[in-house]
Amino acid sequence: MGSGVQLHKSGLLFTSKQSIVMWESLGANLLSFADSSAWWIADWLVYGESTFQDRYVEAIKRTSLSYQTLRNYTWVARRFPLSRRRQNLSFSHHLEVVALEQPQQDYWLRKAEQFGWSRNKLRGQVRSSRTEQGAIEQGAAEPESGCEPVPEQVSVHAADAADAPEGRLLHLRLSDEDLARFEAAAKEESGSVEVWAAEMLRRAAAGF
9 MGSGVQLHKS GLLFTSKQSI VMWESLGANL LSFADSSAWW IADWLVYGES TFQDRYVEAI
69 KRTSLSYQTL RNYTWVARRF PLSRRRQNLS FSHHLEVVAL EQPQQDYWLR KAEQFGWSRN
129 KLRGQVRSSR TEQGAIEQGA AEPESGCEPV PEQVSVHAAD AADAPEGRLL HLRLSDEDLA
189 RFEAAAKEES GSVEVWAAEM LRRAAAGF
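Position 22, counted from 1, in the sequence shown is what our numbering calls 30; the numbers after and before it change by one each time, with no gaps.
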(Lines of atoms letter the chains of each structure in order from A; the text may use other names.)
(Lines give C-alpha, C1' and ligand atoms only; values in the text may rest on other atoms or scores of the structure.)
Protein backbone atom coordinates (compact mmCIF):
# COMPACT_ATOMS: atom_id res chain seq x y z
CA MET A 9 0.00 0.00 0.00
CA GLY A 10 2.91 2.32 0.69
CA SER A 11 5.64 3.22 3.14
CA GLY A 12 4.39 3.43 6.71
CA VAL A 13 0.89 2.16 5.87
CA GLN A 14 -0.60 -1.26 6.49
CA LEU A 15 -3.87 -2.29 4.84
CA HIS A 16 -6.02 -4.75 6.77
CA LYS A 17 -9.43 -6.18 5.93
CA SER A 18 -11.03 -4.16 8.71
CA GLY A 19 -8.99 -0.97 8.50
CA LEU A 20 -5.92 1.08 7.64
CA LEU A 21 -2.96 1.38 10.02
CA PHE A 22 -0.38 4.17 9.83
CA THR A 23 2.94 2.93 11.21
CA SER A 24 4.94 6.09 10.52
CA LYS A 25 4.29 9.80 10.04
CA GLN A 26 2.98 10.78 6.60
CA SER A 27 3.67 13.98 4.70
CA ILE A 28 0.70 15.84 3.24
CA VAL A 29 1.78 14.77 -0.26
CA MET A 30 2.01 11.10 0.73
CA TRP A 31 -1.35 11.28 2.52
CA GLU A 32 -3.06 12.88 -0.49
CA SER A 33 -1.54 10.33 -2.85
CA LEU A 34 -2.74 7.49 -0.63
CA GLY A 35 -6.27 8.91 -0.60
CA ALA A 36 -6.34 9.23 -4.38
CA ASN A 37 -5.24 5.61 -4.73
CA LEU A 38 -7.86 4.40 -2.26
CA LEU A 39 -10.68 6.31 -3.96
CA SER A 40 -9.57 5.04 -7.36
CA PHE A 41 -9.53 1.48 -6.05
CA ALA A 42 -12.99 1.88 -4.50
CA ASP A 43 -14.48 3.17 -7.76
CA SER A 44 -12.79 0.48 -9.85
CA SER A 45 -14.20 -2.18 -7.54
CA ALA A 46 -17.74 -1.07 -8.47
CA TRP A 47 -16.98 -1.69 -12.16
CA TRP A 48 -15.28 -5.00 -11.32
CA ILE A 49 -18.33 -6.18 -9.37
CA ALA A 50 -20.64 -5.02 -12.18
CA ASP A 51 -18.70 -6.91 -14.85
CA TRP A 52 -18.50 -9.94 -12.57
CA LEU A 53 -22.28 -9.88 -12.21
CA VAL A 54 -22.85 -9.52 -15.96
CA TYR A 55 -20.66 -12.53 -16.61
CA GLY A 56 -22.54 -14.55 -13.99
CA GLU A 57 -25.86 -13.39 -15.40
CA SER A 58 -25.00 -14.72 -18.85
CA THR A 59 -23.24 -17.89 -17.70
CA PHE A 60 -24.81 -19.26 -14.51
CA GLN A 61 -28.29 -19.79 -13.10
CA ASP A 62 -29.46 -18.24 -9.81
CA ARG A 63 -26.59 -15.77 -10.13
CA TYR A 64 -28.17 -13.02 -8.00
CA VAL A 65 -29.01 -15.31 -5.10
CA GLU A 66 -25.37 -16.35 -4.98
CA ALA A 67 -24.16 -12.81 -5.58
CA ILE A 68 -26.17 -11.43 -2.66
CA LYS A 69 -24.66 -14.07 -0.40
CA ARG A 70 -21.13 -13.18 -1.50
CA THR A 71 -21.39 -9.40 -1.57
CA SER A 72 -24.06 -8.57 1.04
CA LEU A 73 -25.45 -6.05 -1.45
CA SER A 74 -29.17 -5.58 -2.02
CA TYR A 75 -30.90 -7.01 -5.07
CA GLN A 76 -31.64 -3.49 -6.33
CA THR A 77 -27.98 -2.49 -6.00
CA LEU A 78 -26.91 -5.55 -7.97
CA ARG A 79 -29.46 -4.79 -10.68
CA ASN A 80 -28.13 -1.22 -10.87
CA TYR A 81 -24.58 -2.55 -11.25
CA THR A 82 -25.49 -4.89 -14.11
CA TRP A 83 -27.60 -2.24 -15.83
CA VAL A 84 -24.75 0.28 -15.82
CA ALA A 85 -22.20 -2.31 -16.96
CA ARG A 86 -24.38 -3.40 -19.88
CA ARG A 87 -25.28 0.13 -20.93
CA PHE A 88 -21.64 1.22 -20.74
CA PRO A 89 -19.27 -1.30 -22.31
CA LEU A 90 -15.62 -0.83 -21.43
CA SER A 91 -14.95 1.29 -24.52
CA ARG A 92 -17.53 3.91 -23.45
CA ARG A 93 -16.53 4.22 -19.81
CA ARG A 94 -14.78 7.45 -18.94
CA GLN A 95 -11.72 6.78 -16.84
CA ASN A 96 -11.82 10.21 -15.16
CA LEU A 97 -15.39 9.76 -13.94
CA SER A 98 -16.74 7.45 -11.28
CA PHE A 99 -19.14 4.55 -11.56
CA SER A 100 -21.69 6.79 -9.83
CA HIS A 101 -21.38 9.39 -12.60
CA HIS A 102 -22.32 6.74 -15.14
CA LEU A 103 -25.21 5.57 -12.96
CA GLU A 104 -26.67 9.09 -12.96
CA VAL A 105 -27.14 9.06 -16.74
CA VAL A 106 -27.75 5.36 -17.37
CA ALA A 107 -31.48 5.88 -18.06
CA LEU A 108 -30.79 8.39 -20.86
CA GLU A 109 -30.33 7.66 -24.55
CA GLN A 110 -26.73 7.11 -25.64
CA PRO A 111 -26.19 10.57 -27.23
CA GLN A 112 -27.43 12.21 -24.02
CA GLN A 113 -25.26 9.93 -21.91
CA ASP A 114 -22.19 10.92 -23.90
CA TYR A 115 -23.10 14.60 -23.77
CA TRP A 116 -23.53 14.77 -20.00
CA LEU A 117 -20.50 12.62 -19.22
CA ARG A 118 -18.39 14.77 -21.53
CA LYS A 119 -19.59 17.90 -19.71
CA ALA A 120 -18.93 16.34 -16.30
CA GLU A 121 -15.41 15.38 -17.38
CA GLN A 122 -14.72 18.76 -18.94
CA PHE A 123 -15.81 20.80 -15.92
CA GLY A 124 -14.82 18.36 -13.20
CA TRP A 125 -18.37 17.93 -11.89
CA SER A 126 -19.02 15.74 -8.88
CA ARG A 127 -21.71 13.06 -9.05
CA ASN A 128 -24.15 15.36 -7.24
CA LYS A 129 -23.34 18.28 -9.54
CA LEU A 130 -24.00 16.10 -12.58
CA ARG A 131 -27.30 14.95 -11.09
CA GLY A 132 -28.36 18.55 -10.51
CA GLN A 133 -27.45 19.61 -14.03
CA VAL A 134 -29.35 16.73 -15.62
CA ARG A 135 -32.43 17.38 -13.49
CA SER A 136 -32.35 21.12 -14.22
CA SER A 137 -32.14 20.41 -17.93
CA ARG A 138 -35.08 18.01 -17.79
CA THR A 139 -37.12 20.54 -15.80
CA GLU A 140 -36.39 23.28 -18.31
CA GLN A 141 -37.24 20.99 -21.22
CA GLY A 142 -40.52 20.04 -19.54
CA ALA A 143 -41.39 23.71 -19.06
CA ILE A 144 -40.73 24.41 -22.74
CA GLU A 145 -42.90 21.51 -23.83
CA GLN A 146 -45.66 22.53 -21.44
CA GLY A 147 -45.57 26.10 -22.75
CA ALA A 148 -45.87 24.82 -26.30
CA ALA A 149 -49.02 22.86 -25.41
CA GLU A 150 -50.65 24.83 -22.61
CA PRO A 151 -53.93 23.19 -21.50
CA GLU A 152 -57.18 25.07 -21.88
CA SER A 153 -58.47 27.00 -18.87
CA GLY A 154 -60.28 24.77 -16.40
CA CYS A 155 -58.65 21.55 -17.66
CA GLU A 156 -56.91 19.18 -15.29
CA PRO A 157 -53.11 19.44 -15.44
CA VAL A 158 -51.41 16.70 -17.43
CA PRO A 159 -49.57 14.30 -15.11
CA GLU A 160 -45.81 14.25 -15.45
CA GLN A 161 -44.46 11.71 -17.89
CA VAL A 162 -41.61 9.43 -16.86
CA SER A 163 -39.66 7.38 -19.38
CA VAL A 164 -38.69 3.94 -18.14
CA HIS A 165 -36.39 1.63 -20.05
CA ALA A 166 -38.22 -1.63 -20.63
CA ALA A 167 -35.08 -3.62 -19.84
CA ASP A 168 -31.31 -3.52 -20.00
CA ALA A 169 -29.30 -3.97 -23.20
CA ALA A 170 -29.47 -7.76 -23.01
CA ASP A 171 -33.24 -7.90 -22.67
CA ALA A 172 -34.16 -5.06 -25.04
CA PRO A 173 -31.52 -4.62 -27.73
CA GLU A 174 -33.59 -2.00 -29.51
CA GLY A 175 -33.61 0.20 -26.40
CA ARG A 176 -37.40 0.62 -26.30
CA LEU A 177 -38.97 3.01 -23.82
CA LEU A 178 -42.15 2.74 -21.80
CA HIS A 179 -43.83 6.09 -21.15
CA LEU A 180 -45.88 6.46 -17.97
CA ARG A 181 -48.05 9.44 -17.06
CA LEU A 182 -48.06 10.02 -13.30
CA SER A 183 -49.67 12.52 -11.00
CA ASP A 184 -47.34 14.74 -8.98
CA GLU A 185 -48.36 12.85 -5.84
CA ASP A 186 -47.57 9.44 -7.33
CA LEU A 187 -44.28 10.63 -8.76
CA ALA A 188 -43.22 12.03 -5.39
CA ARG A 189 -44.02 8.71 -3.69
CA PHE A 190 -42.13 6.76 -6.34
CA GLU A 191 -39.09 9.03 -6.09
CA ALA A 192 -39.09 8.61 -2.31
CA ALA A 193 -39.22 4.82 -2.67
CA ALA A 194 -36.41 4.87 -5.23
CA LYS A 195 -34.29 7.04 -2.95
CA GLU A 196 -34.61 4.43 -0.20
CA GLU A 197 -32.88 1.94 -2.52
CA SER A 198 -30.27 4.47 -3.70
CA GLY A 199 -31.42 4.39 -7.30
CA SER A 200 -33.10 6.70 -9.79
CA VAL A 201 -36.87 6.56 -10.15
CA GLU A 202 -36.43 5.15 -13.68
CA VAL A 203 -34.28 2.28 -12.41
CA TRP A 204 -36.66 1.64 -9.51
CA ALA A 205 -39.78 1.66 -11.73
CA ALA A 206 -38.21 -0.75 -14.23
CA GLU A 207 -37.30 -3.12 -11.41
CA MET A 208 -40.83 -2.99 -9.95
CA LEU A 209 -42.23 -3.94 -13.36
CA ARG A 210 -39.82 -6.86 -13.60
CA ARG A 211 -40.88 -8.12 -10.16
CA ALA A 212 -44.55 -7.80 -11.03
CA ALA A 213 -44.07 -9.67 -14.31
CA ALA A 214 -42.20 -12.46 -12.51
CA GLY A 215 -45.41 -13.32 -10.67
CA PHE A 216 -47.22 -14.28 -13.88
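Glycine is no exception: its CB is placed at the ideal position from the N, C-alpha and C atoms.
Query raised in the report: Could you check where the beta strand (DSSP E) with L39 kicks off and where it finishes?
Result: For the purposes of this step, residue 39 is taken as residue 31 along the sequence shown, with counting starting at 1. Careful: L39 lies outside any beta strand (DSSP E), inside the alpha helix (DSSP H) at I28 to T59.
Query raised in the report: When burial is assigned at 16 or more other CB atoms within 10 Å of the CB, is N80 buried or exposed?
Result: As a position in the sequence shown, residue 80 is number 72, starting the count at 1. N80 should be labelled buried.
Query raised in the report: DSSP state of Q133, grouped into three classes?
Result: Residue mapping note: residue 133 aligns to position 125 of the sequence shown, counting from 1. DSSP places Q133 within a helical segment (H, G or I) once states are collapsed to three.
Query raised in the report: Out of curiosity, what's the CA-to-CA distance linking A85 and D51?
Result: Residue numbering aside, residue 85 sits at position 77 when the sequence shown is read from its first letter. Residue numbering aside, residue 51 sits at position 43 when the sequence shown is read from its first letter. The straight-line gap from Cα to Cα measures roughly 6 Å.
Query raised in the report: Buried or exposed: which applies to V201, given that a residue is buried once 16 or more other Cβ atoms fall within 10 Å of its Cβ?
Result: Numbered from its first residue, the sequence shown carries residue 201 at position 193. Buried, by the Cβ-count rule.
Query raised in the report: Span of the beta strand (DSSP E) holding V13?
Result: The residue labelled residue 13 in the question sits at position 5 within the sequence shown. Per DSSP, V13 is one residue of the beta strand (DSSP E) stretching across V13 to H16.
Query - Strand pairing of L187, partner residues [DSSP] - result: Here residue 187 refers to the residue found at position 179 when the sequence shown is read from its first residue. Note: L187 is not bridge-paired with any residue in the DSSP secondary-structure output.
Query raised in the report: Excluding the five sequence neighbours on either side, which residues of its own chain have a C-beta within less than 8 Å of the C-beta of F60, listed in chain order?
Result: Working through the sequence shown from its first residue, we reach residue 60 at position 52. E66.
Query raised in the report: Per DSSP, G124 is paired with what?
Result: By 1-based counting over the sequence shown, the position of residue 124 is 116. Looking at the DSSP output, G124 bridges to nothing.
**Report entry** F99 - containing alpha helix (DSSP H), residue span
**Finding:** As a working note, residue 99 is residue 91 in the sequence shown. F99 to E104 is the extent of the alpha helix (DSSP H) around F99.
Query raised in the report: Considering only the beta carbon of each residue, do F190 and A205 sit closer than 9 Å?
Result: The residue labelled residue 190 in the question sits at position 182 within the sequence shown. The residue labelled residue 205 in the question sits at position 197 within the sequence shown. Yes, the pair counts as a contact, with Cβ atoms nearer than the cut-off.
Query - Coil, strand or helix - L21 by DSSP - result: To locate residue 21, count along the sequence shown from 1; it is residue 13. DSSP places L21 in strand when its eight states are reduced to three.
Query raised in the report: Mapping DSSP to helix, strand and coil, what is N96?
Result: Within the sequence shown, numbered from 1, the residue matching residue 96 stands at position 88. Look at N96 here: in three-state DSSP terms it is coil, with no helix or strand label.
Query raised in the report: Does the separation of the CB atoms of T82 and E104 fall below 9 Å?
Result: Reading the sequence shown from its first residue, position 74 is the one you call residue 82. Reading the sequence shown from its first residue, position 96 is the one you call residue 104. Their beta carbons are not under 9 Å apart, which means T82 does not touch E104 by this criterion.
Requested in this report: Write down the C-beta distance between R94 and L117 rounded to the nearest angstrom, noting that I regard them as a contact closer than 8 Å.
Outcome: Reading the sequence shown from its first residue, position 86 is the one you call residue 94. Reading the sequence shown from its first residue, position 109 is the one you call residue 117. Yes, they are in contact, since the Cβ atoms of R94 and L117 sit about 5 Å apart, within 8 Å.
**Report entry** 8 Å Cβ shell around D114 - same chain, five flanking residues per side excluded
**Finding:** One-based indexing of the sequence shown puts residue 114 at position 106. Within the same chain, R92 come within 8 Å of D114 by CB-CB distance, once the 5 residues on both sides are set aside.
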